[in-house]
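Remarks on the structure that follows.
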Amino acid sequence: MDYLIRVANINDLDSIVKLWEKLSIDQMSKDPYYKGDLVFSGGYSQFKQALNSDNCCIFVAEVNNIVIGFIEVWLYQKDFYFFIDDYAYILHFFIDPDARRSENILSIIYNLFEAALNWAIEKGSQYIIADAFAHNIRIMKLLEKVGFESYRIRYVKELGSK
Numbered sequence: 001m002d003y004l005i006r007v008a009n010i011n012d013l014d015s016i017v018k019l020w021e022k023l024s025i026d027q028m029s030k031d032p033y034y035k036g037d038l039v040f041s042g043g044y045s046q047f048k049q050a051l052n053s054d055n056c057c058i059f060v061a062e063v064n065n066i067v068i069g070f071i072e073v074w075l076y077q078k079d080f081y082f083f084i085d086d087y088a089y090i091l092h093f094f095i096d097p098d099a100r101r102s103e104n105i106l107s108i109i110y111n112l113f114e115a116a117l118n119w120a121i122e123k124g125s126q127y128i129i130a131d132a133f134a135h136n137i138r139i140m141k142l143l144e145k146v147g148f149e150s151y152r153i154r155y156v157k158e159l160g161s162k
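Encoded structure:
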């Protein structure tokens, strides 16, 4: 199966939002601290802003003219979360579950990451960062496979309501 990795444009907005909704449901349904409903909306304005920002780039993976996945990377100035230097941050990465059975899926995943890494380098970033929920072992292994290392670990204790 042939695929294309390319920079997203405004015509991809519907596809990206639908994938983001699937990502949100997938991750929040597994999050032990998330107590909200699993209906996510509002993604249109968020992703429209991202597509028009010079500090963001979204790459899509396309098969047979259908967007099956995306990676969203932003440029950030050093801050509390990473005070070493300015950095690029992978905010979202998702492949439609139906497309994950593709024979080329590893190549698609790798090339989405490579597109994000190359964009970050072109923008002058010395570092790229990604977060993963503790329950998402698959993405942690994938991040390690493409060269990421664990840096900081966030701990949570629920205090309950008063």
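The numbers in UniProt numbering rise by one with no breaks, and the one at position 80 of the sequence shown is 80. From the three backbone atoms N, C-alpha and C, an ideal C-beta is built for every residue, glycine too.
>> Using the three-state DSSP reduction, which class does residue 170 fall into: helix, strand or coil?
In response: Missing from the structure shown is residue 170; the chain here goes from 1 to 162 and no further.
>> So, with DSSP's three-state summary, where would you put residue 114?
In response: DSSP places residue 114 within a helical segment (H, G or I) once states are collapsed to three.
> How far does the beta strand (DSSP E) with residue 149 in it reach, from first residue to last?
Replying inline: Taken as a continuous stretch (DSSP letters only), residue 149 belongs to no beta strand (DSSP E), as it is neither H nor E.
>> With DSSP as the reference, identify every bridge partner of residue 58, one or two as the case may be.
In response: Answer by DSSP bridge pairing, in chain order: 72.
> Taking just the CA atoms, how far does residue 159 sit from residue 10?
Replying inline: Each residue's alpha carbon lies about 42 Å from the other.
>> Rounded to whole angstroms, what is the Cα-Cα separation between residue 75 and residue 37?
In response: For residue 75 and residue 37, the gap between their C-alpha atoms comes out near 30 Å.
>> Buried or exposed, going by whether 16 or more other CB atoms sit within 10 Å of the CB of residue 151?
In response: Exposed, by the Cβ-count rule.
> Where does residue 95 fall in DSSP's three states?
Replying inline: The answer is strand: DSSP assigns residue 95 an E or B state.
> What are the residues that DSSP puts in a beta bridge with residue 87?
Replying inline: Per DSSP, 76.
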